[in-house]
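Colleague: Residues 225 to 425 in our numbering are what the sequence shown spells out, letter by letter. Even for Gly, the Cβ is constructed at its ideal location relative to N, Cα and C.
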Amino acid sequence: MVVVALGGCTAAGKSTLVLELQRAAAVRVVSCDDFFLPRERCPRFDLQALPWPGEEVPGAFLLRGDADWNVPAAIDWSGVADAVVSAKQAAQSVVVDGMFILADHPGARTVLQMCDHAAVLWADEHAATELCSRKYTRKHLGRSSYEERGVSAEEYRVYWENYVWPAWLQHGASSLPADCLRIGCTEEPAAQLDQLLGTGW
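What follows is the structure, encoded as structure tokens:
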């Protein structure tokens with residue numbers, strides 16, 4: 225039995241790597257993306273405070289609302305923990321993936337204690353530029369991309385640089401376990417998979 229926690233900023237490629245892993249090994253996946261709290265129970269953040277071009281919040285972001293999904297408190301960690309218990313009963317290999325699975329948060333720490341290894345798809349400031357572009361142009365969780373929603377590249381860059389990326393640095397990147405395996409998020413999926421499999425799958 226092996227359980228691996230896989231963290232990384234949004235758009236770092238966690239879902240892609242998990243798919244590669246599922247092709248290579250019999251593994252059960254628990255994704256923290258499936259355990260976001262309902263909008264009305266999420267923390268809030270101030271959209272108006274971001275330095276938007278034209279000093280007005282773009283319409284697509286007004287529709288998005290002020291629910292803050294980029295903090296560990298937006299996750300139902302008890303639900304994640306229960307899912308990990310069930311997955312361990314059903315499979316010999318489990319991966320738990322999420323932006324804040326490695327965060328310094330009581331719920332995340334409880335789940336991490338259930339894991340044997342920790343890995344992160346690591347991004348430096350240079351890679352962050354690529355992640356911003358990925359997030360802007362890609363669909364996610366069944367929703368249209370920001371580009372498709374009419375957000376300009378400049379508007380999304382403001383959102384990324386002043387909200388998304390700082391949230392990752394504060395809550396995701398600042399509390400990695402000492403023995404956490406760092407895998408470059410811009411490496412080819414096959415190379416990433418080789419490194420992850422080296423943790424003992």
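Among W301, A327, F259 and R247, whose alpha-carbon lies nearest the alpha-carbon of G231?
Modeller: Ranking the options by Cα distance to G231, first place goes to A327.
Colleague: Assuming A235 contacts V375 (C-beta within less than 8 Å), just tell me the rounded distance between them.
Modeller: Wrong, their Cβ atoms sit about 15 Å apart, outside the cutoff.
Colleague: Taking C-alpha atoms, which residue in A402, N294, T361 and L286 lies nearest to N386?
Modeller: Checking every option, the nearest Cα to that of N386 belongs to N294.
Colleague: What does DSSP give as the partner residue(s) for L230 in the beta ladder?
Modeller: BP columns for L230 point to D321 and A343.
Colleague: Can we say the region 338-348 touches the region 399-417, given the rule of at least three CB pairs closer than 8 Å?
Modeller: Yes, they touch.
Colleague: Between which two residues does the alpha helix (DSSP H) carrying S457 extend?
Modeller: Absent from the structure is residue 457, since the part of the chain shown begins at 225 and ends at 425.
Colleague: Taking buried to mean at least 16 other C-beta atoms within 10 Å of its own C-beta, is H350 buried or exposed?
Modeller: By the 10 Å Cβ count, H350 comes out exposed.
Colleague: In this structure, what does DSSP give as the bridge partners for H364?
Modeller: Beta-bridge pairing links H364 to R367.
Colleague: Use the C-beta contact count for Q337: other C-beta atoms within 10 angstroms, 16 or more gives buried, fewer gives exposed.
Modeller: By the 10 Å Cβ count, Q337 comes out exposed.
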